[in-house]
Every structure is written in C-alpha cells, then in structure tokens.
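Beneath this line is the structure, given in structure tokens, with notes to follow.
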Amino acid sequence: MLYTSACRPLSWKVSSAQLTYLPSSGLVGPSPKEAEDYLSFRCLGSGVFNFIIILKPTAGSNKSDEVVVGKLGSYRWPYVGYLMHPDHAGKGYATEALRGWIPEFWKHMPSPSEDKPGFDYIEAMTDGENYGSGNVLLKSGFTLFERQEKGFNSPTLGLRDTNVYRIARPGTKLEESGKVDYGKADPGFAPRLSEPEAHT
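No gaps in the numbering here: position 172 of the sequence shown is 172 in the working numbering, and each next residue is one more.
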C-alpha cells in the first residue's frame, strides 16, 4: 500500500470499497461486478501497477466508510493514467497520489537493457484541452514532451489534439528518451489513443 497525507492509493484487491461512479468512457457499468470486471482487466500482467485512491479514514470510521475518489496507475509500461470522481476533482488528490506513485513505479519498472525491455521515463497523454489533467502532471514533475494534432478520435467530440507528457527516471535525462518504439518496447502492442487509459 502507498500512503500519502490525504489519501491512500491501494491495490483494488485489498479494498472493500466499491467503485460507485461511472467513468465518462462508458466502459464500466454501475454495478460492483461490472466495475470489478473492468478493474480486473487492468490488473493482470507483469507490467500492471494500478491502484485505487481512497480517502484516509477519519477518526472513528471503519472500513465500510471508505470513499473511493479515483484510480491511477499503469497497465502497460511506460504509461500512467488516472481518473478522478468528479466530486473529488480539483482538490489535489490526483497530484498527491501521482507524486506518491512515481517513486514506487521506478522500483517496479526496469531500465532498458540488452537483456530485456524497460524505460527510463513515464508517459501520460491528455486531451489537448484538459488543462486540469495537464496541471496535475506538471505539478508532479512531468514535462510537455509532444503535441499530436488530431491524434485522438473522440466518439463524442471528433478529432482531438493530444498532449504527451513525460518524466525522466532520476539520474537520466528526458532528452535521451526519444520517441516510443512501441513494437520494440512491448511486442505485439500498438497504441490506440481511443483506449480509455490513454487519455487522462
């Protein structure tokens, strides 16, 4: 478990709290079973490092009072994504959770070597007009790395610009990260910006 001052990101498997909101992607249904199925899909595999964000309990509260405010993590290297419940957005929880998550992810994700793939950076993508999410990344140490014009086809908004943010592993330089060679980095994976985790 990772603990921060106001919230604690937890692996979804260790929490009895239920996901009680429907993300805007429409991929998660309102029932706990549908939410669990969606999260299971995002929690399997060697590259998975996902957490839900739960507010720290107040004095006298019990486990059934836990409040899920969002989720963050990576289900494939080197990406990070997060989603906050609208009632808890803009309160600094995403920034705090991301700042706590980054050092732990460096321990989980290997550096590149001749023996195995790895990365010395973490990457996040946002809609070009999602300034709140961009600010979360900037406040967490990320740099705007690239802007892809009309790089995402939103089912409701049409073609959208995508901002790509990166943060370098301590001791490395972001300038050395270059463009992602998706096939070499993760065999069989071709990025599709229409996936819900690709846009935060």
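C-beta atoms are modelled at their ideal positions from N, C-alpha and C, and glycine is treated no differently.
This structure is a prediction, so every number in the text was calculated from the model and none was measured.
Assumed close pair residue i, residue j - CB separation to whole angstroms, cut-off 8 Å
i, j, result
"I122", "V80", "5 Å"
"K33", "N50", "Contact flag wrong, Cβ pair sits at about 18 Å."
"R147", "D161", "6 Å"
"G132", "G73", "Going by Cβ atoms, the distance from G132 to G73 rounds to 19 Å, so no, they are not a contact pair."
"N153", "L144", "Between L144 and N153 the Cβ distance is about 22 Å, and since that is not below 8 Å, they are no contact."
Residues of its chain near residue i, where Cβ-Cβ distance is below 6 Å and the 5 sequence neighbours each way are ignored
i, result
"L137", "A124 and Y165"
"D115", "none"
"V67", "L55"
"S111", "G118 and D120"
"I167", "I122, G141 and F142"
Residue-level contact to chain C via CB, residue i, 8 Å cutoff
i, result
"S74", "In the structure shown, chain C does not exist; there is a single protein chain."
Residues near residue i in its chain [Cβ-Cβ closer than 7 Å; skip 5 each side]
i, result
"M109", "W77, P78, G118 and F119"
"G201", "Outside the displayed span of the chain (1 to 200) sits residue 201, for which this structure offers no information."
"Y21", "Residue confidence is low: Y21 scores 39 on pLDDT, short of 50, so the model does not pin down where it sits. Its coordinate-derived value is still stated next. The residues are H85."
"H88", "V69 and G70"
"G95", "In the sequence as presented, Gly is not what sits at residue 95; that position holds Thr. These residues qualify, in order along the chain: V136, K139 and S140."
"D65", "P57"
Close beta carbons around residue i, own chain, < 8 Å, minus the five adjacent residues each side
i, result
"P170", "W106"
"G134", "T126, L144, N163 and Y165"
"E129", "R160 and D161"
"L174", "Y121, T143, F145, R166, I167 and A168"
Residue range of the alpha helix (DSSP H) that includes residue i
i, result
"L174", "Segment: none, L174 is in no alpha helix (DSSP H) and carries neither H nor E."
"S133", "Y131 to K139"
"R99", "Y93 to H108"
Bounding residues of the beta strand (DSSP E) (the contiguous stretch that carries residue i)
i, result
"V69", "V68 to S74"
"N62", "That residue, N62, is in no beta strand (DSSP E); it is neither H nor E in DSSP."
"P81", "Pro is not the amino acid found at residue 81; the sequence shown has Gly there. First-last of the beta strand (DSSP E) with G81: G81 to M84."
"F49", "F49 to L55"
Residues bridged to residue i (per DSSP)
i, result
"S154", "G158"
"N163", "T126 and R147"
"A168", "Y121"
**Request:** Count the C-beta pairs between the segment 134 to 150 and the segment 96 to 111 that are closer than 8 Å, then say yes if the count reaches three, no if not.
**Result:** Of all C-beta pairs linking the segment 134 to 150 to the segment 96 to 111, three or more are shorter than 8 Å, placing the two stretches in contact.
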